[in-house]
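Colleague: Protein sequences, first through last, are from chains A and B. Residues in the first sequence are numbered from 91 upward in steps of one, following the numbering used here. Residues in the second sequence are numbered from 52 upward in steps of one, following the numbering used here. Ideal placement from N, C-alpha and C gives every residue a C-beta, glycine not left out. Remember, predicted model here, so these are calculated numbers, not experimental data.
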Amino acid sequence: MTFWLLLTVNSVTFGGLLFLLSAGFSLIFGLMRIPNLTHGSMFMVGAYLGTTFLSGALGFKLNFWLAAILAAVEVAILGGLMERLLLRRLAGQPLAQVLVTLGVSFMVADLCLMGWGGDPISVGTPPGLAGFVRWGGAAFPLYRMAVIAIAVVFAAALWIMLDRTRLGAMIRAGVDDPQMARVVGIRVSQLFTIVFALGAGLAGFAGMIGGPILSVYPGLDQDMLPLALVVVILGGTGSLLGSFVGSIIIGFIYNFGQALLPELAYFILFLPMVLVLLLRPQGLFGGQII
Amino acid sequence: MSRKFMSGKVSRRAVLAGTAVGAAAALGRFPTPAIADTEPFRLGLLTVKTGPLAQGGIQMEQGVLTYLKEKNYTIGGRKVDFISADTGGNPAGTKTKAQELVERDKVDVILGPLAAFELYAISDYIKEQKTPTLSLAAADNLTQRTPNPYLLRASATSSQAMQPMGHYAATELKLKRVVTVTEDFAFGYEQMGGFQAAFAKDGGCVVNKLWPPLSTPDYTPYVAQISDCDGVCQGFAGSNPLRFMKAYAGAGLKYPVVTGETGGDDALLKNFGEEAIGLIGCCPYTIDLETEANHRFIDGMIKNYDSIPGQYAALLYVNCQVVDAALKATGGDASDKDKFMAALKAVNLTDTPRGPLKFDHLNNVIGTFYIRRVQTEGAKYGLKVWNKTIKTYENVSQFWTWPEAEFLAHPVYSRDYPPLTKC
Numbered sequence: 091m092t093f094w095l096l097l098t099v100n101s102v103t104f105g106g107l108l109f110l111l112s113a114g115f116s117l118i119f120g121l122m123r124i125p126n127l128t129h130g131s132m133f134m135v136g137a138y139l140g141t142t143f144l145s146g147a148l149g150f151k152l153n154f155w156l157a158a159i160l161a162a163v164e165v166a167i168l169g170g171l172m173e174r175l176l177l178r179r180l181a182g183q184p185l186a187q188v189l190v191t192l193g194v195s196f197m198v199a200d201l202c203l204m205g206w207g208g209d210p211i212s213v214g215t216p217p218g219l220a221g222f223v224r225w226g227g228a229a230f231p232l233y234r235m236a237v238i239a240i241a242v243v244f245a246a247a248l249w250i251m252l253d254r255t256r257l258g259a260m261i262r263a264g265v266d267d268p269q270m271a272r273v274v275g276i277r278v279s280q281l282f283t284i285v286f287a288l289g290a291g292l293a294g295f296a297g298m299i300g301g302p303i304l305s306v307y308p309g310l311d312q313d314m315l316p317l318a319l320v321v322v323i324l325g326g327t328g329s330l331l332g333s334f335v336g337s338i339i340i341g342f343i344y345n346f347g348q349a350l351l352p353e354l355a356y357f358i359l360f361l362p363m364v365l366v367l368l369l370r371p372q373g374l375f376g377g378q379i380i
Numbered sequence: 052m053s054r055k056f057m058s059g060k061v062s063r064r065a066v067l068a069g070t071a072v073g074a075a076a077a078l079g080r081f082p083t084p085a086i087a088d089t090e091p092f093r094l095g096l097l098t099v100k101t102g103p104l105a106q107g108g109i110q111m112e113q114g115v116l117t118y119l120k121e122k123n124y125t126i127g128g129r130k131v132d133f134i135s136a137d138t139g140g141n142p143a144g145t146k147t148k149a150q151e152l153v154e155r156d157k158v159d160v161i162l163g164p165l166a167a168f169e170l171y172a173i174s175d176y177i178k179e180q181k182t183p184t185l186s187l188a189a190a191d192n193l194t195q196r197t198p199n200p201y202l203l204r205a206s207a208t209s210s211q212a213m214q215p216m217g218h219y220a221a222t223e224l225k226l227k228r229v230v231t232v233t234e235d236f237a238f239g240y241e242q243m244g245g246f247q248a249a250f251a252k253d254g255g256c257v258v259n260k261l262w263p264p265l266s267t268p269d270y271t272p273y274v275a276q277i278s279d280c281d282g283v284c285q286g287f288a289g290s291n292p293l294r295f296m297k298a299y300a301g302a303g304l305k306y307p308v309v310t311g312e313t314g315g316d317d318a319l320l321k322n323f324g325e326e327a328i329g330l331i332g333c334c335p336y337t338i339d340l341e342t343e344a345n346h347r348f349i350d351g352m353i354k355n356y357d358s359i360p361g362q363y364a365a366l367l368y369v370n371c372q373v374v375d376a377a378l379k380a381t382g383g384d385a386s387d388k389d390k391f392m393a394a395l396k397a398v399n400l401t402d403t404p405r406g407p408l409k410f411d412h413l414n415n416v417i418g419t420f421y422i423r424r425v426q427t428e429g430a431k432y433g434l435k436v437w438n439k440t441i442k443t444y445e446n447v448s449q450f451w452t453w454p455e456a457e458f459l460a461h462p463v464y465s466r467d468y469p470p471l472t473k474c
């Protein structure tokens, strides 16, 4: 019983973390049609920057949440710059964009190695969330519960932003029909930068939030990127609901697959992706922006 | 950046070294062959400086450079040209870089590589080229059932540290039923095979073996499967021990945890927190060995790199000591590869950062292994947690306490050997 409870709770937690990572990936792909292979790098850079603010190595020391937010802002700026300076020049050339993002992800990995060294850095659990919740004989780390709450808050905020604001309406228009959006006077190219920065910032934030669970180490980017890809392909690109549902599904498949059929863990993880690509290429919720 | 000649430093040091050698020769302290004045000794290193294995790989290079700096780039009476190559942590890259080192750079000795699959990729090649290679990679069989005469291992086989750990777990910790968990690759299989065999020899029983893939972001699904036991043996490498111990503590499990050489590596101490307190590991090197050689090594690492070293750096430093000693024995001559290999095998050192060591006839180290416990008391060098040695096993061979013939009659340790038994 404890075994099932622990896995269930952990599945939801991991799903929440995946949602923070993949929501941005999904929006970027839906709007710009760019499979942004630097998304794992954004996650890792966010975590590295966050731990640096946390450690006080720069002469000032922030608490966990401020460090996460500042890291997210910095990664968002990096993302915006990358869109403006690199990807913009390659508009309409998906293959070139894939290759550039892949190349940048390798460069970022090496720069991180130079900057932060090869040692893994463990991130302390924020004070106040270090304990356990006891439930039915099983102990659940409080922090993992908090991750679920954070994911839900972000999902709600993103939903409000996309569904209720002018910016959201413009993004939805851009996803649905970029040409028509341009015709009615929406500056789609500016939207590109905003969405790319937003997606990158979310990934950076997720990196720091994931820190106390995953820690930060060279190779974290390559561990997380395939998971984001699976989620987005399963849920459908450009769809917030798709990311959310896809993340939770993958959270469950990841946890239960590794616990029950460890030999086939990766097979089971990627099987839904293959099935979706074959049977419903737009994903479960593809084509719907919310 | 894959290749780095230390020529800038060497040329400056060459003057110093040349002067020193000249002075020593003039004093008649030791005979210096003519070759020392003309030709530098070419020392190659295969390491990993990019990707997930880079943590250990960078330490390997730092260990070598710490030794060379300490000796002013002169070993066995000869000036050293050091050439470091980054394999990228993959077999194809390792093969290419090994060929570059041997054929273009004409190295006399190769140090490294790091990982077993890298070593397998170049094993035949170094045999063909007869290039003496001091490996860190632990692949058991290359000094056991399929030995390579040009390979020397001053570190340990994968199972060598786990065998004393199994003995300690059974006899001192009095564990009876243990669940093992480690990465799903050769190093993991051989470690756990060694643990299981030695643990069973003293009455223990492995009840379940878990094999997470090498890159597993969250270990909780595996931790959830640990039950019906009185202890856990983890054999993780790289940064994985950190995350495993966090997930383990996070799930509220309290069984004692034991580990091998990588799972409690001293280089991880600065990142370990409360979750690692009580972890007991066995390692061929320990940071708390109070000998002059170890102090010299640690001080050098802190001075040069501001880094608290673990076994990757220490064992490469030891490799350099072995090369140095062999070169002294041959009077600085490494031109005859078979003769030089014989000199390397005959090395018998007493003062190294890992304590005394010598080699068996299959070219693997016989040395001291240390059982350590992670604790907060006694921490030095600004660390918050510390590996405290609680027992020492001396003259540990790769065959543990089994007679060699009996050990070699079994298949190499694998995922399914020894098999799980009912208990």
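For residue 101 of chain A, is the classification buried or exposed, using 16 other Cβ atoms within 10 angstroms of its Cβ as the cut-off for buried?
Modeller: In the first sequence, the residue the question calls residue 101 of chain A occupies position 11. That one is buried.
Colleague: Along the chain, where does the beta strand (DSSP E) that runs through residue 285 of chain B open and close?
Modeller: The residue labelled residue 285 of chain B in the question sits at position 234 within the second sequence. 282 to 285 is the span of the beta strand (DSSP E), which, as asked, contains residue 285 of chain B.
Colleague: Compute the beta-carbon to beta-carbon distance between residue 268 of chain B and residue 348 of chain B, rounded to the nearest angstrom, for a pair I have assumed lies under 8 Å.
Modeller: In the second sequence, counting from the first residue as 1, residue 268 of chain B sits at position 217. In the second sequence, counting from the first residue as 1, residue 348 of chain B sits at position 297. Their Cβ separation, rounded to whole angstroms, is 34 Å, which puts residue 268 of chain B and residue 348 of chain B out of contact at 8 Å.
Colleague: Between which two residues does the beta strand (DSSP E) carrying residue 134 of chain B extend?
Modeller: Position 83 of the second sequence, counted from the start, is the residue given in the question as residue 134 of chain B. Looking at the DSSP string, the run of the beta strand (DSSP E) that includes residue 134 of chain B is 129 to 137.
Colleague: Go ahead and pull the three-state DSSP assignment for residue 310 of chain B.
Modeller: Locating residue 310 of chain B in the second sequence gives position 259, counting from the first residue. Three-state DSSP puts residue 310 of chain B in a strand.
Colleague: Does the beta-carbon of residue 274 of chain A have 16 or more other beta-carbons within 10 angstroms, so that it is buried, or is it exposed?
Modeller: Counting from one through the first sequence, the residue named residue 274 of chain A turns up at place 184. Under this definition residue 274 of chain A is an exposed residue.
Colleague: Does the CB of residue 297 of chain B have a neighbour CB from chain A at under 8 Å?
Modeller: Here residue 297 of chain B refers to the residue found at position 246 of the second sequence. Closer than 8 Å: yes.
Colleague: Give a yes or no on whether 8 Å exceeds the smallest Cβ distance from residue 144 of chain A to chain B.
Modeller: Here the question's residue 144 of chain A lines up with position 54 in the first sequence. Not one chain B Cβ lies under 8 Å of residue 144 of chain A.
Colleague: Hey, could you find the ends of the alpha helix (DSSP H) residue 348 of chain A is sitting in?
Modeller: Locating residue 348 of chain A in the first sequence gives position 258, counting from the first residue. Unbroken alpha helix (DSSP H) run through residue 348 of chain A: 330 to 350.
Colleague: Kindly list the residues whose CB is nearer than 7 Å to the CB of residue 154 of chain B, restricted to its own chain and excluding five residues on each side of it in sequence; keep chain order.
Modeller: Residue mapping note: residue 154 of chain B aligns to position 103 of the second sequence, counting from 1. Excluding positions up to five away in sequence, the list is empty.
Colleague: Measuring alpha carbon to alpha carbon, tell me which of B:232, B:266, B:222 and B:238 ends up nearest residue 250 of chain B.
Modeller: On the second sequence, residue 250 of chain B is found 199 positions in, with the first residue counted as 1. Residue B:222 is the option with its Cα nearest to residue 250 of chain B.
Colleague: Which residues in the same chain have their Cβ closer than 8 Å to the Cβ of residue 190 of chain A, if we skip the five residues on either side of it in sequence?
Modeller: In the first sequence, the residue the question calls residue 190 of chain A occupies position 100. Excluding positions up to five away in sequence, the list reads 176, 177 and 180.
Colleague: Can you list, in chain order, the residues of the region 284 to 296 of chain B whose Cβ is nearer than 8 Å to any Cβ on chain A?
Modeller: Listed in sequence order: 289, 290, 293 and 294.
Colleague: Using a Cβ-Cβ cutoff of 7 Å, what residues of the region 266 to 282 of chain B are near chain A? List them in chain order.
Modeller: Under the 7 Å Cβ criterion, the region 266 to 282 of chain B contributes 266, 268, 269, 271, 272, 273, 275 and 276.
Colleague: If you draw a straight line from the alpha carbon of residue 211 of chain B to that of residue 243 of chain B, how long is it in whole angstroms?
Modeller: As a first step, residue 211 of chain B is located in the second sequence; it is residue number 160 there, counting from the start. As a first step, residue 243 of chain B is located in the second sequence; it is residue number 192 there, counting from the start. Near 11 Å, if we compare the C-alpha coordinates of residue 243 of chain B and residue 211 of chain B.
Colleague: Enumerate in chain order the residues of its own chain whose CB-to-CB distance from residue 448 of chain B is below 7 Å, with the five nearest sequence positions on each side excluded.
Modeller: Position 397 of the second sequence, counting from 1, holds the residue named residue 448 of chain B. Cβ within range, chain order: 411 and 417.
Colleague: Please report the Cβ distance between residue 325 of chain A and residue 336 of chain A, rounded to the nearest whole angstrom; I am assuming they are in contact, meaning their Cβ atoms lie under 8 Å.
Modeller: Numbered from 1 along the first sequence, position 235 holds the residue referred to as residue 325 of chain A. Numbered from 1 along the first sequence, position 246 holds the residue referred to as residue 336 of chain A. With a Cβ gap of about 3 Å, residue 325 of chain A and residue 336 of chain A count as contacting.
Colleague: By the criterion of Cβ-Cβ separation under 8 Å, what are the contact partners of residue 348 of chain A in chain B?
Modeller: To locate residue 348 of chain A, count along the first sequence from 1; it is residue 258. What residue 348 of chain A touches in chain B: 263, 267, 272 and 273.
Colleague: Can you tell me which of B:340, B:308, B:114 and B:339 puts its alpha carbon nearest to the alpha carbon of residue 328 of chain B?
Modeller: Here residue 328 of chain B corresponds to residue number 277 of the second sequence, with the count starting at 1. Closest by alpha carbon: B:308.
Colleague: In chain order, what residues of the same chain lie with their CB nearer than 8 Å to the CB of residue 296 of chain A, ignoring the 5 residues before and after it?
Modeller: Indexing the first sequence from 1 puts residue 296 of chain A at position 206. Excluding positions up to five away in sequence, the list reads 107, 110, 111, 133 and 136.
Colleague: Does residue 115 of chain A get closer than 8 Å to chain B when you measure Cβ to Cβ?
Modeller: Here residue 115 of chain A corresponds to residue number 25 of the first sequence, with the count starting at 1. Chain B, which has no Cβ nearer than 8 Å to the Cβ of residue 115 of chain A, makes this no.
Colleague: Specify the secondary structure class of residue 459 of chain B as computed by DSSP and reduced to three states.
Modeller: In the second sequence, counting from the first residue as 1, residue 459 of chain B sits at position 408. Correct three-state label for residue 459 of chain B: helix.
Colleague: Distance check for residue 125 of chain A and residue 435 of chain B, CA to CA, integer angstroms please.
Modeller: Counted from its first residue, the second sequence places residue 435 of chain B at position 384. Counted from its first residue, the first sequence places residue 125 of chain A at position 35. So the alpha carbons of these two residues sit roughly 43 Å apart.
Colleague: Along the beta strand (DSSP E) that carries residue 331 of chain B, what are the first and last residues, could you check?
Modeller: Translated into positions along the second sequence, residue 331 of chain B becomes position 280. From DSSP, the beta strand (DSSP E) with residue 331 of chain B extends over 331 to 334.
Colleague: So, residue 104 of chain B versus residue 289 of chain B, is the Cβ gap smaller than 8 Å?
Modeller: Against the second sequence, residue 104 of chain B aligns to sequence position 53. Against the second sequence, residue 289 of chain B aligns to sequence position 238. Their beta carbons are under 8 Å apart, which means residue 104 of chain B touches residue 289 of chain B by this criterion.
Colleague: Look up residue 231 of chain A in the DSSP assignment and give the residues it is bridged to.
Modeller: Against the first sequence, residue 231 of chain A aligns to sequence position 141. According to DSSP, residue 231 of chain A bridges with A:222.
Colleague: If contact means a Cβ-Cβ distance below 7 Å, which residues of the region 320 to 351 of chain B contact chain A?
Modeller: Cβ contacts with chain A come from 322 and 324.
Colleague: Rounded to whole angstroms, what is the Cα-Cα separation between residue 102 of chain B and residue 110 of chain B?
Modeller: Translated into positions along the second sequence, residue 102 of chain B becomes position 51. Translated into positions along the second sequence, residue 110 of chain B becomes position 59. Cα to Cα, the separation comes out at about 14 Å.
Colleague: Check the Cβ of residue 117 of chain B against every Cβ in chain A and list those closer than 9 Å, keeping chain order.
Modeller: Mapped onto the second sequence, residue 117 of chain B falls at position 66. What residue 117 of chain B touches in chain A: nothing, since even the nearest Cβ is about 16 Å away.
Colleague: Does residue 301 of chain A pass the burial test, meaning 16 or more other C-beta atoms within 10 Å, or should it be called exposed?
Modeller: What you label residue 301 of chain A is simply residue 211 of the first sequence in a count that begins at 1. By the 10 Å Cβ count, residue 301 of chain A comes out buried.
Colleague: Nearest chain A C-beta to residue 316 of chain B closer than 8 Å, yes or no?
Modeller: Taking the first residue of the second sequence as 1, we reach residue 316 of chain B at position 265. By this cut-off, residue 316 of chain B is not an interface position.
Colleague: Any Cβ of chain A within less than 8 Å of the Cβ of residue 109 of chain B?
Modeller: For the purposes of this step, residue 109 of chain B is taken as residue 58 along the second sequence, with counting starting at 1. Taking Cβ atoms only, chain A reaches closer than 8 Å to residue 109 of chain B, which makes this a yes.
Colleague: Assuming residue 323 of chain A and residue 366 of chain A are in contact, meaning their beta carbons sit under 8 Å apart, how far apart are those beta carbons, in whole angstroms?
Modeller: If you number the first sequence from 1, residue 323 of chain A lands on position 233. If you number the first sequence from 1, residue 366 of chain A lands on position 276. About 6 Å separates the two Cβ atoms, so the contact holds.
Colleague: Quick check: what's the CA-CA separation for residue 352 of chain A versus residue 130 of chain B?
Modeller: As a working note, residue 352 of chain A is residue 262 in the first sequence. As a working note, residue 130 of chain B is residue 79 in the second sequence. Answer to the nearest angstrom: the Cα atoms are 53 Å apart.
Colleague: Under the DSSP definition of a beta bridge, which residues are partnered with residue 426 of chain B?
Modeller: Counting from one through the second sequence, the residue named residue 426 of chain B turns up at place 375. Per DSSP, B:437.
Colleague: Suppose you measure from the CA of residue 323 of chain B to the CA of residue 212 of chain A; what does that come to, to the nearest Å?
Modeller: Taking the first residue of the second sequence as 1, we reach residue 323 of chain B at position 272. Taking the first residue of the first sequence as 1, we reach residue 212 of chain A at position 122. Distance between the alpha carbons of residue 323 of chain B and residue 212 of chain A: 7 Å.
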